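Numbering (the working numbering), first residue to last: -14 to 137.
Even for Gly, the Cβ is constructed at its ideal location relative to N, Cα and C.
If you're wondering where the values come from, they're calculated on a predicted model, not measured in any experiment.
Worksheet: one structure, shown below.
Next comes the structure, spelled out in structure tokens:
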């Protein structure tokens, strides 16, 4: 391991998960049937935009690429495996990985950072997610992320 000292970084961005329209950023890839968009077992793949502000026209700082699935039979909760790939600024070319449960109807959710690449090698930490906007009919959402990550 490198002799550099460990750092803690705070990242703030918005995740735009769009399932509707002609150019969705997320699509359902498995649908076992029943329960509509929120049915147990429904699985989605995404290539979502990360921006500095909640409006889609604000500066794009990266992409969220991964898979999430409706993983609970008793509440609205996802299992997420996601890579946040940064494409601008100080962290351009670096990524962090999230793997965990996301009970998306709660106001604030905490998910673990389990790794990263480039400037985030050996990363660990947590992400706090807060739904900024949600359309229950389409499943479209804008989610505010505050990420606290330790890295070298």
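When you compare each of the options to residue i by their alpha carbons, which one comes out closest?
| i | options | result |
| --- | --- | --- |
| residue 24 | 58, 4, 88, 75 | 58 |
| residue 16 | -3, 54, 97 | 54 |
| residue 115 | 99, 107, 87, -8 | 87 |
| residue 48 | 29, 63, 77 | 77 |
| residue 113 | 102, -3, 45 | -3 |
| residue 11 | 34, -7, -11, 131 | 34 |
| residue 225 | 100, 92, 56 | The question about residue 225 has no answer, for the chain in this structure spans -14 to 137. |
| residue 92 | 42, 82, 129, 107 | 129 |
| residue 97 | 75, 64, 103 | 64 |
From residue i to residue j, what does the alpha carbon distance come to, in whole angstroms?
| i | j | result |
| --- | --- | --- |
| residue 70 | residue 21 | 30 Å |
| residue 111 | residue 8 | 30 Å |
| residue 117 | residue 84 | 21 Å |
| residue 80 | residue 19 | 35 Å |
| residue 73 | residue 125 | 25 Å |
| residue 1 | residue 26 | 22 Å |
| residue 82 | residue 94 | 16 Å |
| residue 44 | residue 61 | 31 Å |
| residue 3 | residue 75 | 27 Å |
Using C-beta distances below 6 Å, list every residue in its chain close to residue i, excluding the 5 sequence neighbours before and after it, in chain order.
| i | result |
| --- | --- |
| residue 14 | 28, 30 |
| residue 51 | 66, 67, 68 |
| residue 39 | -1, 117, 127 |
| residue 131 | -3, 113 |
Please classify residue i: is it buried, with 16 or more other beta-carbons within 10 angstroms of its beta-carbon, or exposed?
| i | result |
| --- | --- |
| residue 105 | buried |
| residue 46 | buried |
| residue -11 | exposed |
| residue 90 | exposed |
| residue 36 | buried |
| residue 41 | exposed |
| residue 32 | exposed |
Going along the chain, which residues of its own chain have a beta-carbon closer than 7 Å to the beta-carbon of residue i, five neighbours each way excluded?
| i | result |
| --- | --- |
| residue 133 | -7, -5, 110, 111 |
Do residue i and the ligand GTP come close, with the Cβ less than 7 Å from some heavy atom?
| i | result |
| --- | --- |
| residue 44 | This structure lacks the ligand GTP, and indeed carries no ligand of any kind. |
Keeping to the same chain, check which residues put their C-beta closer than 8 Å to that of residue i; ignore five residues upstream and five downstream.
| i | result |
| --- | --- |
| residue 5 | 120, 123, 124, 125 |
| residue -9 | 135, 136, 137 |
Exercise. Kindly provide the ranges of any beta strand (DSSP E) runs that are 3 or more residues long and lie completely inside the segment -10 to 62, ordered along the chain.
Key: Contiguous beta strand (DSSP E) elements confined to the segment -10 to 62 occur at -8 to 2, 11 to 15, 28 to 36, 45 to 55, taking only those with 3 or more residues.
Quiz item: Unbroken beta strand (DSSP E) runs of length 3 or more, entirely within the segment 79 to 110: which are they?
Solution: If we require 3 residues or more, the beta strand (DSSP E) runs fully inside the segment 79 to 110 come out as 80 to 87, 93 to 102.
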